[in-house]
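Undergrad: I'd like to ask some things about the structure below.
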Amino acid sequence: MRILLGATADDQAPLRRALTGAGRFVEQAPDFDGIGATTAASGPFDAVVLSVDDLRREALPVLRDIRRQGVQAPILVIAGAVSPAEEAAALNHGADDLVARPVANPVVVARVQAMVRRTAAHAPTLLVCGNVALDRDRQAVSVDGRPVNITSREFEVLETLLLRRSALLSKERFMSRLYGDEEGPDQRIIDVFVCKLRRKLAAAGAAEIVRTVWGLGYVAEDPGPAAVAAARARYAAGQPRARRAHLVPAAGFVPAGA
1 MRILLGATAD DQAPLRRALT GAGRFVEQAP DFDGIGATTA ASGPFDAVVL SVDDLRREAL
61 PVLRDIRRQG VQAPILVIAG AVSPAEEAAA LNHGADDLVA RPVANPVVVA RVQAMVRRTA
121 AHAPTLLVCG NVALDRDRQA VSVDGRPVNI TSREFEVLET LLLRRSALLS KERFMSRLYG
181 DEEGPDQRII DVFVCKLRRK LAAAGAAEIV RTVWGLGYVA EDPGPAAVAA ARARYAAGQP
241 RARRAHLVPA AGFVPAGA
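Quick note on the UniProt record's numbering: the sequence shown kicks off at 1 and runs consecutively.
Okay, structure coming up:
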């Protein structure tokens, strides 16, 4: 579970320790003003936790900004004394849960887990692109029903791409998703993961769904019926995929719908 934390100075360290201790990857937002942009740019997050002193002055603008960015992650707000009118305002601005201080950190962790469970119950568990299917519940990937053996990191890379299909994702985005604030390996490890993913998917008969945009990152796009049919024919004939069809110069990249 990946959580974005925006908190006052007093709450940052205790909340971070509690959430990290519960096995969560926690990313600290630089400040309240930038939370909306951070959530949209570095997502997807499983949840957002906001701990504020002044709900009306600090939380409401942040909630409005996050939702305007199109972020769907559930949001827990922690605040001081809150009136019924302020609680209603927070919920109307996009909060999914609100708790007043004092609150024990284990309760915060439990509320985050409950929010994520409720959201997961309505989220798509099967992501399909071309003839590739990713089952989030089973942590499994298949091509035309044939299982593909990939590592947990490769699964996270593919899941990140399919959750933000047609969006250009930088290596920094993948590093944030895979390693959070932990000190991970060199960013070139993302190239390794993508290369292995492509090879394994192609060996199973998948059409090319991941494009490289030189100097910018990677994008997942539906290959279309013709490409899927060609990939199936190559698989049936025991032939490798067409080489270097996935490479796109940065100047030639046109986002879907543009």
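C-beta atoms are modelled at their ideal positions from N, C-alpha and C, and glycine is treated no differently.
Put residue 293 into one of helix, strand or coil per three-state DSSP.
TA: The question about residue 293 has no answer here: the residues shown for the chain are numbered 1 through 258.
Undergrad: If you reduce the DSSP assignment to three classes, tell me which class Ala-203 lands in.
TA: The residue you call residue 203 lines up with position 203 of the sequence shown. Helix.
Undergrad: Considering only the alpha carbon of each residue, which of Pro-61, Tyr-235, Arg-118 lies closest to Asp-31?
TA: Within the sequence shown, numbered from 1, the residue matching residue 31 stands at position 31. For Asp-31, the nearest C-alpha among the options comes from Pro-61.
Undergrad: Give the straight-line distance between the Cα atoms of Arg-199 and Ala-73, rounded to the nearest whole angstrom.
TA: One-based indexing of the sequence shown puts residue 199 at position 199. One-based indexing of the sequence shown puts residue 73 at position 73. Answer to the nearest angstrom: the Cα atoms are 32 Å apart.
Undergrad: Residue range of the beta strand (DSSP E) that Arg-75 falls in?
TA: Position 75 of the sequence shown, counted from the first residue, corresponds to residue 75. Arg is not the amino acid found at residue 75; the sequence shown has Ile there. From DSSP, the beta strand (DSSP E) with Ile-75 extends over 75 to 79.
Undergrad: Using only the alpha-carbon positions, how far apart do Ala-29 and Arg-68 sit?
TA: Position 29 of the sequence shown, counted from the start, is the residue given in the question as residue 29. Position 68 of the sequence shown, counted from the start, is the residue given in the question as residue 68. Distance between the alpha carbons of Ala-29 and Arg-68 is about 17 Å.
Undergrad: Between Asn-131 and Ser-170, what straight-line distance do the alpha-carbon atoms span, to the nearest angstrom?
TA: By 1-based counting over the sequence shown, the position of residue 131 is 131. By 1-based counting over the sequence shown, the position of residue 170 is 170. The straight-line gap from Cα to Cα measures roughly 24 Å.
Undergrad: Excluding the five sequence neighbours on either side, which residues of its own chain have a C-beta within less than 8 Å of the C-beta of Pro-106, listed in chain order?
TA: As a first step, residue 106 must be located in the sequence shown, where it is residue number 106. Result list for Pro-106: Ala-18, in chain order.
Undergrad: Per DSSP, which residues does Ser-142 bridge with? Please list them.
TA: Counting from one through the sequence shown, the residue named residue 142 turns up at place 142. In the DSSP output, where bridge partners are listed per residue, Ser-142 has Ala-133, Pro-147.
Undergrad: Which partner residues of Ala-100 appear in the DSSP bridge assignment?
TA: Here the question's residue 100 lines up with position 100 in the sequence shown. Answer by DSSP bridge pairing, in chain order: Ala-79.
Undergrad: Look at the Cβ atom of Pro-225, then the Cβ atom of Ile-209, and state whether they are nearer than 7 Å.
TA: The residue labelled residue 225 in the question sits at position 225 within the sequence shown. The residue labelled residue 209 in the question sits at position 209 within the sequence shown. Not closer than 7 Å, so no.
Undergrad: Applying the criterion that 16 or more other CB atoms from any shown protein chain within 10 Å of the CB defines a buried residue, is Thr-151 buried or exposed?
TA: In the sequence shown, counting from the first residue as 1, residue 151 sits at position 151. That one is exposed.
Undergrad: For Ala-7, report the span of its beta strand (DSSP E) as first-last.
TA: Within the sequence shown, numbered from 1, the residue matching residue 7 stands at position 7. Looking at the DSSP string, the run of the beta strand (DSSP E) that includes Ala-7 is 2 to 7.
Undergrad: Between the region 140 to 156 and the region 100 to 120, do three or more beta carbon pairs fall short of 8 Å?
TA: No: the two stretches stay apart, fewer than three of their Cβ pairs being nearer than 8 Å.
Undergrad: Please report the straight-line C-alpha distance between Asp-11 and Thr-20, rounded to a whole angstrom.
TA: Translated into positions along the sequence shown, residue 11 becomes position 11. Translated into positions along the sequence shown, residue 20 becomes position 20. Cα to Cα, the separation comes out at about 14 Å.
Undergrad: Going by alpha carbons, who is nearest to Ile-190 out of Val-52, Asp-53, Met-1, Phe-174?
TA: Here residue 190 refers to the residue found at position 190 of the sequence shown. Selected option, being the one with the closest Cα: Phe-174.
Undergrad: What separation, rounded to the nearest whole angstrom, lies between the Cα atoms of Ile-3 and Asp-46?
TA: Here the question's residue 3 lines up with position 3 in the sequence shown. Here the question's residue 46 lines up with position 46 in the sequence shown. Computed Cα separation, rounded: 6 Å.
Undergrad: Taking its Cβ as the centre, do 16 or more other Cβ atoms sit within 10 Å of Val-213, making it buried, or is it exposed?
TA: Position 213 of the sequence shown, counted from the first residue, corresponds to residue 213. So Val-213 ends up on the buried side.
Undergrad: Starting from residue 261 and walking both ways along the beta strand (DSSP E), at which residues does that stretch end?
TA: With the chain represented from 1 up to 258, any question about residue 261 goes unanswered, as that position is not in the structure.
Undergrad: Whose C-alpha, out of Arg-56, Leu-127, Val-48, Leu-134, is nearest the C-alpha of Asp-96?
TA: Within the sequence shown, numbered from 1, the residue matching residue 96 stands at position 96. Asp-96 has its Cα closest to that of Val-48, out of Arg-56, Leu-127, Val-48, Leu-134.
Undergrad: Quick one: residues in its chain with C-beta nearer than 8 Å to the C-beta of Ser-83, no 5 flanking neighbours on either side, listed in chain order?
TA: Working through the sequence shown from its first residue, we reach residue 83 at position 83. Result list for Ser-83: empty, nothing under 8 Å.
Undergrad: Based on the DSSP secondary-structure assignment, which residues constitute the bridge partners of Phe-25?
TA: By one-based count along the sequence shown, residue 25 stands at place 25. BP columns for Phe-25 point to Arg-2.
Undergrad: Is it right to say residue 335 is buried, meaning 16 or more other beta carbons lie within 10 angstroms of its own, or is it exposed?
TA: For residue 335 there is no data in the structure shown, the boundaries of the chain being 1 and 258.
Undergrad: Kindly indicate which three-state DSSP category Leu-169 falls into: helix, strand or coil?
TA: Residue 169 sits at position 169 when you count from the first residue of the sequence shown. Strand at Leu-169.
Undergrad: In whole angstroms, what separates the C-alpha of Leu-201 from that of Leu-5?
TA: Numbered from its first residue, the sequence shown carries residue 201 at position 201. Numbered from its first residue, the sequence shown carries residue 5 at position 5. Each residue's alpha carbon lies about 35 Å from the other.
Undergrad: Rounded to whole angstroms, what is the Cα-Cα separation between Asp-135 and Arg-117?
TA: As a first step, residue 135 must be located in the sequence shown, where it is residue number 135. As a first step, residue 117 must be located in the sequence shown, where it is residue number 117. Their Cα atoms are separated by approximately 17 Å.
Undergrad: According to DSSP, Leu-126 sits in a beta bridge with which residue or residues?
TA: Looking up residue 126 in the sequence shown gives position 126. Paired residue(s): Asp-135.
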